[in-house]
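Peer 1: So that we are looking at the same thing, I have put the structure below in structure tokens.
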């Protein structure tokens with residue numbers, strides 16, 4: 000009995016120690032969702048407890064957001080930019096990663112270092128000159144500027160991540176296929192890529208997340224309501240002159256996060272493994 | 122396999138054997154495969170970087186031709202209070218935030234490494250702040266720190282740890298910096314915890330068993346086994362986080378816009394304010410170039426030490 004009780008107590012203490020971390024992580028989301036569901040009357044009543052809804056939840060902030068603002072346009076822009084940038088970057092990153100992991104050619108080491116350095120270059124270092132480049136190529140205030148510029152951080156990231164996955168595919172498998180008469184490209188498409196699918200899923204998820212979450216380029220290269228993405232729309236257009244905008248603002252923040260949350264819930268394990276692989280490998 | 126060969130061969134023959142043979146040659150296939158990525162990096166990373174260097178040495182302004190002015194931008198930056206304040210902020214912000222993330226991240230990883238109920242769900246919750254768009258979650262924090270309706274103050278007063286009305290978080294110098302750091306720690310902690318957890322998992326169990334049979338307690342095991350073996354992972358995480366924290370933009374932009382009176386400005390936010398909002402591209406570029414030495418440092422350390430250990 001005594002032997003059994005001690006591990007249980009240990010376990011309970013362990014979970015109690017974790018509790019503050021879980022509260023810290025979750026509370027802002029709880030409070031955002033709660034705020035978005037409150038009536039303005041309760042929201043701006045300084046005597047009311049902010050942690051609960053007493054006067055009944057309401058969807059009025061969501062209704063206003065969807066029908067009286069351009070929120071749906073911003074979301075469509077985000078989906079378009081993220082979809083195209085992710086696809087392009089994963090394709091470019093996959094072939095570059097394969098070359099880096101498997102092929103011997105002139106300059107392969109330098110290129111690998113170049114990819115690594117580009118992966119670390121912060122977007123806040125390049126946004127000023129890139130704004131100029133975007134202007135020159137005629138994409139000022141256009142969501143297409145984002146489609147063009149997002150691969151600058153997505154491709155290095157995908158390449159870096161996938162290099163690690165390609166290294167885990169045994170060379171012999173590929174060599175066998177080539178001895179049987181397959182060309183290298185065939186061996187890549189039929190043997191190596193299928194074996195690297197978990198890595199490619201990871202790359203897609205992270206590229207999607209990184210470009211959905213990107214802020215400084217979107218804020219700098221686009222400004223009109225028809226071209227901006229969801230994050231920029233919510234942070235710049237929902238903040239109005241009067242102070243009673245909080246319900247709508249939180250509703251916008253919640254709704255614009257939903258695509259990522261859905262992906263996250265379905266592919267949690269890929270997020271956990273990819274986060275480590277991206278940094279450590 | 123056989124079906125594939127039949128299907129592909131005729132096209133290869135039609136376009137001539139030359140292409141097929143070239144594609145089989147690593148010397149040609151390699152460069153062909155890296156060309157798209159290389160072009161992208163040259164045109165949209167290396168070239169803009171060169172432009173940033175040029176801008177920083179010129180008096181470029183939005184919509185006007187620029188001339189070379191040497192180091193004048195840097196000199197006038199050092200003469201301005203807002204830049205000197207920003208320079209100091211950047212180090213305070215990065216130093217404190219990274220220190221908190223290391224300590225809390227290691228603690229959280231050690232907890233998550235134990236056998237837990239709902240293990241997968243716990244990890245999911247812990248990682249959540251990292252996944253949600255920062256600009257949007259920071260809006261939530263902005264509301265939590267609101268001067269009239271702050272839930273932080275309400276809870277602090279309810280628990281008796283704050284005197285009403287509580288601090289005006291975003292309106293007072295040191296409180297604003299504390300708020301910005303808190304949000305950065307909140308958002309960066311998952312990366313630390315999950316990566317350090319991966320490092321913990323890879324430490325062989327036998328080491329702990331051997332130490333335990335030699336009579337080493339939990340504290341001794343942590344200092345003599347866990348920490349030394351975690352060093353490479355900790356080094357990588359700290360390096361990565363340093364550069365991303367140092368160059369942070371989103372949190373400060375949304376939460377304080379650099380205020381009150383520049384007390385939370387970082388290089389990225391000041392660079393945007395001067396380069397775009399006031400149109401002084403030259404000075405803005407000079408400010409953003411202060412991120413470069415840190416980048417170089419991180420890359421060098423990473424290439425020299427960390428990667429050599431890994432391979």
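Residue numbers (this note's numbering), protein chains in the order written: chain S, 0 to 280; chain C, 122 to 432. C-beta atoms are modelled at their ideal positions from N, C-alpha and C, and glycine is treated no differently.
#1: How would you call residue 272 (chain C), buried or exposed, if buried means at least 16 neighbouring beta carbons within 10 angstroms?
#2: Can you check whether the CB of residue 204 (chain S) is closer than 8 Å to the CB of residue 273 (chain S)?
#3: If you reduce the DSSP assignment to three classes, tell me which class residue 189 (chain C) lands in.
#4: Measure the alpha-carbon distance for residue 378 (chain C) versus residue 336 (chain C) and round it to whole angstroms.
#5: Can you name, in chain order, every residue of its own chain whose Cβ lies under 7 Å from the Cβ of residue 198 (chain C), other than the five neighbours on each side?
#6: What is the DSSP secondary structure of residue 404 (chain C), counted as helix, strand or coil?
#7: With C-beta atoms as the reference, is residue 290 (chain C) less than 8 Å away from residue 300 (chain C)?
#8: Spatial neighbours of residue 250 (chain S) within its chain, please: CB distance less than 6 Å, with the 5 preceding and 5 following residues excluded, ordered by chain position.
#9: Name the chain C residues that come within less than 9 Å of residue 245 (chain S), Cβ to Cβ?
#10: Short of 8 Å Cβ to Cβ, which residues in the segment 381 to 401 of chain C face chain S?
#11: Under 8 Å between C-beta atoms, does residue 27 (chain S) make it to chain C?
#12: I'd like to check one pair, residue 202 (chain S) with residue 89 (chain S): are the Cβ atoms closer than 8 Å?
#13: Contact between the segment 113 to 130 of chain S and the segment 383 to 399 of chain C: three or more CB pairs below 8 Å?
#14: Which value, in whole angstroms, describes the spacing of the CA atoms of residue 255 (chain C) and residue 12 (chain S)?
#15: Looking at chain S, which residues of the segment 212 to 238 of chain C have a Cβ within less than 9 Å of any of its Cβ atoms?
#16: Between residue 422 (chain C) and the rest of its own chain, which residues show a CB-CB distance below 7 Å, the 5 nearest in sequence each way excluded?
#17: In chain order, what residues of the segment 257 to 275 of chain S put their CB closer than 9 Å to some CB of chain C?
#18: Taking the C-alpha atoms as reference points, what is the distance between residue 82 (chain S) and residue 212 (chain S)?
#19: Quick one: does residue 2 (chain S) have its CB under 8 Å from some CB of chain C?
#20: Per DSSP, what kind of secondary structure is residue 206 (chain C) in: helix, strand or coil?
#21: Contact check, residue 233 (chain C) vs residue 243 (chain C) under 8 Å by CB: the rounded distance?
#22: Starting from the C-beta of residue 97 (chain S), find all residues in its chain whose C-beta is less than 8 Å away, skip the five residues before and the five after it, and write them out in chain order.
#23: Nearest-angstrom Cα distance between residue 69 (chain S) and residue 201 (chain C)?
#24: Distance, Cα to Cα, residue 141 (chain S) vs residue 152 (chain S)?
#25: How many angstroms separate the CA atom of residue 266 (chain C) from the CA atom of residue 376 (chain C)?
#26: Interface residues of chain S around residue 243 (chain C) at Cβ under 8 Å?
#27: Which residues, in order along the segment 199 to 232 of chain S, keep a beta-carbon less than 7 Å from a beta-carbon of chain C?
#28: Report yes if the CB atom of residue 219 (chain S) is closer than 8 Å to the CB atom of residue 280 (chain C), and no otherwise.
Peer 2: On the basis of the coordinates in this document:
#1: Around the Cβ of residue 272 (chain C), a 10 Å sphere holds 16 or more other Cβ atoms; the residue is buried.
#2: In contact: residue 273 (chain S) and residue 204 (chain S) (Cβ atoms closer than 8 Å).
#3: For residue 189 (chain C), the three-state secondary structure derived from DSSP is strand.
#4: Distance between the alpha carbons of residue 378 (chain C) and residue 336 (chain C): 55 Å.
#5: Excluding sequence neighbours, residue 198 (chain C) sits near 204, 404, 407 and 408.
#6: In this structure, residue 404 (chain C) counts as helix in the three-state DSSP scheme.
#7: Yes; because the gap between Cβ atoms is below 8 Å, this pair is in contact.
#8: If we look at residue 250 (chain S) and ignore the five residues flanking it on each side, its Cβ neighbours are 35, 60, 61 and 64.
#9: Residue 245 (chain S) reaches chain C at 264, 267 and 270, counting residues in chain order whose Cβ is nearer than 9 Å.
#10: In summary, the residues of the segment 381 to 401 of chain C whose CB is separated from some CB of chain S by less than 8 Å are 388, 389, 392, 393, 396 and 397, in the order they occur in the chain.
#11: Judged by the 8 Å Cβ criterion, residue 27 (chain S) is in contact with chain C.
#12: Closer than 8 Å, so yes.
#13: Enough Cβ pairs lie closer than 8 Å, so yes.
#14: Near 32 Å, if we compare the C-alpha coordinates of residue 12 (chain S) and residue 255 (chain C).
#15: Taking 9 Å as the Cβ-Cβ cut-off against chain S, the residues of the segment 212 to 238 of chain C that qualify are 225, 228, 229, 232, 233, 235, 236, 237 and 238.
#16: Non-local C-beta neighbours of residue 422 (chain C) in its own chain, meaning closer than 7 Å and more than five positions away in sequence, comprise 360, ordered along the chain.
#17: Residues 259, 260, 262, 263, 264, 267, 268, 270, 271, 272, 274 and 275.
#18: Roughly 13 Å between the two C-alpha positions.
#19: Because the pLDDT at residue 2 (chain S) is just 46, under 50, the model does not fix this residue reliably, and the value given afterwards should be weighed accordingly. So no, residue 2 (chain S) is outside the interface.
#20: Collapsing the DSSP output to three states places residue 206 (chain C) in a helix.
#21: Indeed, because the Cβ distance is near 6 Å, the residues count as touching under 8 Å.
#22: Closer than 8 Å at Cβ, skipping near neighbours: 161, 165, 187 and 191.
#23: About 40 Å.
#24: Roughly 19 Å between the two C-alpha positions.
#25: If you take the alpha carbons of residue 266 (chain C) and residue 376 (chain C), they lie about 9 Å apart.
#26: Ordered by position in chain S, the residues that pass the 8 Å Cβ test against residue 243 (chain C) are 17 and 21.
#27: Within the segment 199 to 232 of chain S, the residues whose Cβ lies closer than 7 Å to some Cβ of chain C are 208, 211, 212, 214, 215, 219 and 230, listed in chain order.
#28: No, these two residues do not count as a Cβ contact at 8 Å.
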